[in-house]
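A.B. asks: Take the position in the sequence shown, starting the count at 1, then add 703; the result is the number in our numbering. Yeah, the Cβ is synthetic: ideal placement off N, Cα and C, and Gly gets one too. Structure incoming, see below.
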Amino acid sequence: MTEQTKTAAELAAETKAAFDKQFSSVKELAEKALAEAEKGVKLSADDKAKIDEALTEFNRTKTRLEDLEQKLARDTGRGEDMLTAGERFVQDEQFKAFAGETRPRGRVQVEVKDITSLTTDAAGSVGTLVQPQRAAPVQLPQRRMTIRGLLAQGTTNSNSIEYDKEKGFTNKAAPVAEGTPKPQSEIQYEEATATVRTIAHWMRASVQILDDAAGLASIIDNRLRYGLAFVEEQQLLNGSGTGQNLEGLVTAATDYAAPSGLTAAQQIDTVRLAMLQVALAEYPANGMVMNPIDWAVIELLKDANDNYLIGNPQGTTMPTLWGLPVVATQAMVEDKFLVGAFDLAAQIFDRQNATVEASTEDGDNFTKNKVTIRAEERLALAIYRPEALVYGDFGRVA
C-alpha cells in the first residue's frame, strides 16, 4: 500500500510509532551526554552532531504527527449532514466501486440534494485541480439565487401539473327581500397545465480524474449545481413558456397600470402604485423584484437637504420598501420591476432533485479514457393567479 492510498488514521499510527522510537533514541543520547558531563568528559563534535540530527528529525516527526492528529480530529467530528454533495457523491459505495475498476465502464448514478463545480481554461480539462499540496482554485463570482424562495413549494411524481385557473368572477351578491329571487353570480375557470421541464448540462474529464476524489468533489460542488440554479432562476422569472421553457412569473404577470388615474413622480411611487394594483385585485403583496441598479437608484434618492429618503449607509437591515422585502437580482432586466403576492400566485413542483451521473459510455469516451459527468433537475411552475403579479417599467431608461 502506497502512502497516497493510506488513510489519515493509518498514517497517524505509523508516524506515532516513528515518534516513539525517535523519542527513545533522543532520550538515550541525552542521558549518555549527561552522564559524560557529570564525569567531566567534554562532548565530542561527532556526538554533538548526532544529537542535533536526532533532535531535528524528532521535531519533524512531532510536527507531522500533530498535523495528522488535527486532520483526524476534523474528519472524525464532521457528520454526514456536513458533507457537501460532491463529497457524498465520491464517498458513495456505488461510485467507489465504479472508480476502483481498472477501466471503468458503464455508469453510476447518485441522487443528491445539492451539487456544484468547475473552472478550467479548456473545455474538459480538469487536470489543474490534481496537484499535490495545492490550494483550492479560486472560484468565479456566483450570483445569489433568490426567486425560488419567494414561491410556494411542492413536489410531483408526474410529468405535468393540471389545475384550474380562475378566469372571471361576476359578483351579483346584494341585499334581497324575503321571498324574492336571489341574484346569481358567475365564476369561470379555465384548465391550465404546467409541464415538467428538464434543466441539465454536462462536462467531460479524463478517467484519471476519478482517482482524485477531492478534485472531482470540487468540480461537482462549485460549478455543476450553480449552473443548474443559474438557469432555474432565469426560467422561474423570465421563462417564455414556449418549447422546453417554463412559463415564468414575468411572462404570466399582469401589466402595470396606475390605478384610479394616479401618477408616479419617481420610482418609489411606481412601486407603491403597483402594490395598490395588486391589493385592488384582492391579493396582499409580499415582495418585489428589481435589478440591483434600480434598487441602488432608489437607495440614493435624497431630499432637498441631501438626506437619504430610503438608503442608510450605516444600515444593516434587509432591503425593504413600503414595508415589503426587496429582492435585487440581475435576473431582472434593468428598469423593470415585479410586485406581487408570490406565495399565492405561483408554486414550484420539483419532479427530480439535482442528480449527478458519471459514464464512460458516451461517444468515444472509452477509446480516449474520458468520463462524462452530467447534472440535471426537473421541475414545473404553476401560475395560479396572474393578477397577483404586476410587471412594469420604471421609465428611467429611455
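Is the distance from the Cβ of residue 1061 to the Cβ of residue 1051 below 8 Å?
C.D. replies: Counting from one through the sequence shown, the residue named residue 1061 turns up at place 358. Counting from one through the sequence shown, the residue named residue 1051 turns up at place 348. In this structure, residue 1051 does not lie closer than 8 Å to residue 1061 by Cβ.
A.B. asks: Suppose you measure from the CA of residue 1099 to the CA of residue 798; what does that come to, to the nearest Å?
C.D. replies: Position 396 of the sequence shown holds residue 1099. Position 95 of the sequence shown holds residue 798. Computed Cα separation, rounded: 54 Å.
A.B. asks: May I ask you to report which of helix, strand or coil DSSP gives residue 1025?
C.D. replies: In the sequence shown, the residue the question calls residue 1025 occupies position 322. Residue state, collapsed to three classes: coil.
A.B. asks: Tell me the rounded alpha-carbon separation between residue 948 and residue 792.
C.D. replies: For the purposes of this step, residue 948 is identified with residue 245 of the sequence shown, where counting begins at 1. For the purposes of this step, residue 792 is identified with residue 89 of the sequence shown, where counting begins at 1. In a straight line, the C-alpha of residue 948 is about 29 Å away from that of residue 792.
A.B. asks: Around the C-beta of residue 856, are 16 or more other C-beta atoms found within 10 angstroms, so that it is buried, or is it exposed?
C.D. replies: As a first step, residue 856 must be located in the sequence shown, where it is residue number 153. Label assigned to residue 856: exposed.
A.B. asks: May I ask you to verify whether the region 986-995 touches the region 1038-1049, counting CB pairs closer than 8 Å and requiring at least 3?
C.D. replies: With a cut-off of 8 Å, the region 1038-1049 and the region 986-995 count as touching, because enough Cβ pairs lie within range.
A.B. asks: May I ask which residues mark the beginning and end of the alpha helix (DSSP H) holding residue 971?
C.D. replies: Position 268 of the sequence shown holds residue 971. Where residue 971 is concerned, the enclosing alpha helix (DSSP H) stretches over 970-983.
A.B. asks: Which parts of the region 896-964 are runs of the alpha helix (DSSP H), unbroken and 4 residues or longer, counting only runs that do not cross its ends?
C.D. replies: Qualifying alpha helix (DSSP H) stretches, in chain order: 916-922, 928-941, 952-955.
A.B. asks: What number of angstroms, rounded off, separates the C-alpha of residue 727 from the C-alpha of residue 1078?
C.D. replies: As a first step, residue 727 is located in the sequence shown; it is residue number 24 there, counting from the start. As a first step, residue 1078 is located in the sequence shown; it is residue number 375 there, counting from the start. Between residue 727 and residue 1078, the C-alpha separation is close to 55 Å.
A.B. asks: What residue range is occupied by the uninterrupted alpha helix (DSSP H) comprising residue 1047?
C.D. replies: For the purposes of this step, residue 1047 is taken as residue 344 along the sequence shown, with counting starting at 1. Segment 1045-1048, the alpha helix (DSSP H) holding residue 1047.
A.B. asks: Rounded to the nearest angstrom, what separates residue 1107 and residue 739 at their Cα positions?
C.D. replies: Since the first and last residues shown for the chain are 704 and 1101, residue 1107 lies out of range.
A.B. asks: Three-state secondary structure (DSSP) at residue 867?
C.D. replies: Taking the first residue of the sequence shown as position 1, residue 867 is located at position 164. The answer is strand: DSSP assigns residue 867 an E or B state.
A.B. asks: How long is the line joining the alpha carbons of residue 981 and residue 877, rounded to whole angstroms?
C.D. replies: If you number the sequence shown from 1, residue 981 lands on position 278. If you number the sequence shown from 1, residue 877 lands on position 174. C-alpha separation (whole angstroms): 25 Å.
A.B. asks: May I ask you to report which of helix, strand or coil DSSP gives residue 859?
C.D. replies: Taking the sequence shown and counting its residues from 1, the one referred to as residue 859 is at position 156. Note: residue 859 maps to coil in three-state DSSP.
A.B. asks: When the Cα atoms are used, what is the spatial distance from residue 1069 to residue 899?
C.D. replies: Counted from its first residue, the sequence shown places residue 1069 at position 366. Counted from its first residue, the sequence shown places residue 899 at position 196. Looking at the two C-alpha atoms, the distance is approximately 33 Å.
A.B. asks: Short of 6 Å in beta carbon distance, which residues of its chain neighbour residue 1094, apart from the five on each side in sequence? Order them along the chain.
C.D. replies: Indexing the sequence shown from 1 puts residue 1094 at position 391. For residue 1094, where only same-chain residues beyond five positions count, the Cβ hits under 6 Å are 953, 956, 1041.
A.B. asks: Is it the case that the Cβ atoms of residue 1003 and residue 1014 are separated by a distance below 8 Å?
C.D. replies: As a working mapping, residue 1003 is identified with position 300 in the sequence shown. As a working mapping, residue 1014 is identified with position 311 in the sequence shown. Yes, the pair counts as a contact, with Cβ atoms nearer than the cut-off.
A.B. asks: So the candidates are 999, 971, 1072; which of them puts its Cα closest to the Cα of residue 1016?
C.D. replies: The residue labelled residue 1016 in the question sits at position 313 within the sequence shown. Cα-wise, what sits closest to residue 1016 is 999.
A.B. asks: Short check: CB of residue 1080 to CB of residue 931, under 8 Å?
C.D. replies: The sequence position of residue 1080 within the sequence shown is 377, counting from 1. The sequence position of residue 931 within the sequence shown is 228, counting from 1. In contact: residue 1080 and residue 931 (Cβ atoms closer than 8 Å).
A.B. asks: What ranges does the alpha helix (DSSP H) occupy inside the region 726-759, keeping only unbroken runs of at least 4 residues that lie completely in it?
C.D. replies: Listed in chain order, nothing qualifies, since the region 726-759 has no complete alpha helix (DSSP H) run of 4 or more residues.
A.B. asks: Under DSSP, the beta strand (DSSP E) around residue 1079 begins and ends at which residues?
C.D. replies: By one-based count along the sequence shown, residue 1079 stands at place 376. Note, residue 1079: beta strand (DSSP E), 1073-1086.
A.B. asks: I'd like the list of long-range same chain contacts for residue 765, defined as Cβ closer than 8 Å, with 5 residues on each side in sequence excluded.
C.D. replies: Indexing the sequence shown from 1 puts residue 765 at position 62. So the list reads 722, once near-sequence residues are dropped.
A.B. asks: Checking 8 Å against the spacing of the C-beta atoms, do residue 1049 and residue 1085 come in under that value?
C.D. replies: Taking the first residue of the sequence shown as position 1, residue 1049 is located at position 346. Taking the first residue of the sequence shown as position 1, residue 1085 is located at position 382. Contact flag set, yes.
A.B. asks: List the DSSP bridge partners of residue 1062.
C.D. replies: On the sequence shown, position 359 is the one that residue 1062 refers to. The partner list for residue 1062 (beta bridge, DSSP) reads 810, 1075.
A.B. asks: Going by the DSSP bridge assignment, what does residue 789 pair with across the sheet?
C.D. replies: Locating residue 789 in the sequence shown gives position 86, counting from the first residue. Beta-bridge pairing links residue 789 to no other residue.
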